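S.K.: Next up is a structure, given as structure tokens.
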Amino acid sequence: MTTSLSSTQLDRAAGLIRRADALIVAAGAGMGVDSGLPDFRGNEGFWRAYPALGAAGIAFTTAASPATFRENPALAWGFYGHRLNLYRDTVPHEGFQLLKSWAGRMPHGYHVFTSNVDGQFQKAGFDADRIYECHGSIHHLQCLEPCGDAIWEARDFAPEVNEKACELTSEAPRCPHCGGMARPNILMFGDWGWIEQRSERQAARLARWLEKVERPVVIELGAGTAIPSVRHFSQEVIRRGGRLVRINPREPEVPTPLDVGLASGALEGLLAIAARL
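Just so we're aligned: 247 in the working numbering is position 132 of the sequence shown, and the numbers increase by one with no gaps anywhere.
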């Protein structure tokens, strides 16, 4: 069922939030758009953000792959180094604080499930122990090989990037254990070397928390169907008795009449709900 920002739907969304005993924030790439971050929706959107890769005909699925780190490390780290700098410089939009304020009224607080690797929830002050990054984090590194299962923070890595060419001009980070090249601890395309222990620990914390809650509401933001990790999670919560408020400008359909879909961007939808709370 497709909906728009009608007063009825907004009132229903606010009602679901008022009745909930726990808030689950389920966020896809659209959550960061209102903070100025690019949304790689297909190659056209990707190439607008990275014209050098567009000119070379390099698809997102190619740039975001371990094979490119092996075959063209300057380009791979040019892409990820630029993103790391961008995410470090970005200020999360005010919708993050709205979500925190709503969770503060609920007996069981909140948990975050996100496919984003940008670390914006931590930057906005969300508790790191209440965030599950299902695709990993650009702010953590691992060995490209990998030589072991070590994951470490990228805090000491300050990439210098020629943005016009999308190439790293400084030294690539190295694995402290074997001296080989390091890569982001992110699940990429065609990736058999991702070390998932950090994300697995996050998943276990979320699962334990979910066992305690009775009336969770999922506020899903900017999660599309192309890579449906977030949507699958939201619908699993619904199967367990939770409710869903889906905020998505292009794909706001919801699975049941008890849930609410709002056809808007993340910040617009959150502000409209806030006016009713």
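Think of the CB as a built atom: it goes at the ideal place given N, C-alpha and C, for glycine as much as any other residue. Quick caveat, the model's predicted, so the values are computed rather than measured.
#1: Kindly give me the distance between the Cβ atoms of Tyr202 and Phe228, rounded to whole angstroms, as I take these residues to be in contact under 8 angstroms.
#2: To the nearest angstrom, how far is the alpha carbon of Val345 from that of Ala319?
#3: Can you give, in chain order, each stretch of the beta strand (DSSP E) that sits fully within the segment 283-308 and has at least 3 residues?
#4: Quick one: any contact between the segment 188-208 and the segment 272-290, if contact means 3 or more CB pairs under 8 angstroms?
#5: Could you tell me the distance, in whole angstroms, from the CA atom of Cys293 to the CA atom of Asp136?
#6: Grab the span of the beta strand (DSSP E) containing Ile342 for me, first residue to last.
#7: Quick one: is Phe236 buried, meaning 16 or more other Cβ sit within 10 Å of its Cβ, or exposed?
#8: Assign His250 to one of three DSSP states: helix, strand, or coil.
#9: State the start and end residues of the unbroken beta strand (DSSP E) segment that holds Gln358.
#10: From the DSSP output, in three-state form, read off Gly172 for me.
#11: Could you tell me the boundaries of the alpha helix (DSSP H) in which Glu383 lies?
#12: Report, in whole angstroms, the separation of the C-beta atoms of Gly160 and Pro153, which I expect to be a contact under 8 angstroms.
M.R.: Let me spell this out:
#1: In the sequence shown, residue 202 corresponds to position 87, counting from 1. In the sequence shown, residue 228 corresponds to position 113, counting from 1. For Tyr202 against Phe228, the beta-carbon gap comes to about 19 angstroms, at or over 8 angstroms, which does not count as contact.
#2: Numbered from 1 along the sequence shown, position 230 holds the residue referred to as residue 345. Numbered from 1 along the sequence shown, position 204 holds the residue referred to as residue 319. Looking at the two C-alpha atoms, the distance is approximately 17 angstroms.
#3: Counting only runs of 3 or more, we get 297-301.
#4: Because the criterion of three Cβ pairs below 8 angstroms is met, the segment 188-208 and the segment 272-290 touch.
#5: Walking along the sequence shown from the start, residue 293 turns up at place 178. Walking along the sequence shown from the start, residue 136 turns up at place 21. Whole-angstrom Cα-Cα distance: 48 angstroms.
#6: Counting from one through the sequence shown, the residue named residue 342 turns up at place 227. Unbroken run through Ile342: none, as it is neither H nor E.
#7: Taking the sequence shown and counting its residues from 1, the one referred to as residue 236 is at position 121. Around the CB of Phe236, 16 or more other CB atoms lie within 10 Å, so the residue is classed as buried.
#8: Within the sequence shown, residue 250 is the residue found at index 135, counting from 1. If DSSP states are grouped into helix, strand and coil, His250 belongs with coil.
#9: By one-based count along the sequence shown, residue 358 stands at place 243. Note on residue identity: the sequence assigns Arg, not Gln, to residue 358. Taken as a continuous stretch (DSSP letters only), the beta strand (DSSP E) holding Arg358 covers 358-362.
#10: By 1-based counting over the sequence shown, the position of residue 172 is 57. Three-state result, Gly172: coil.
#11: Residue 383 sits at position 268 when you count from the first residue of the sequence shown. Its alpha helix (DSSP H) spans residues 381-389.
#12: Start at 1 with the first residue of the sequence shown, and residue 160 comes out as number 45. Start at 1 with the first residue of the sequence shown, and residue 153 comes out as number 38. At roughly 7 angstroms, the Cβ-Cβ gap stays under 8 angstroms, so Gly160 and Pro153 are in contact.
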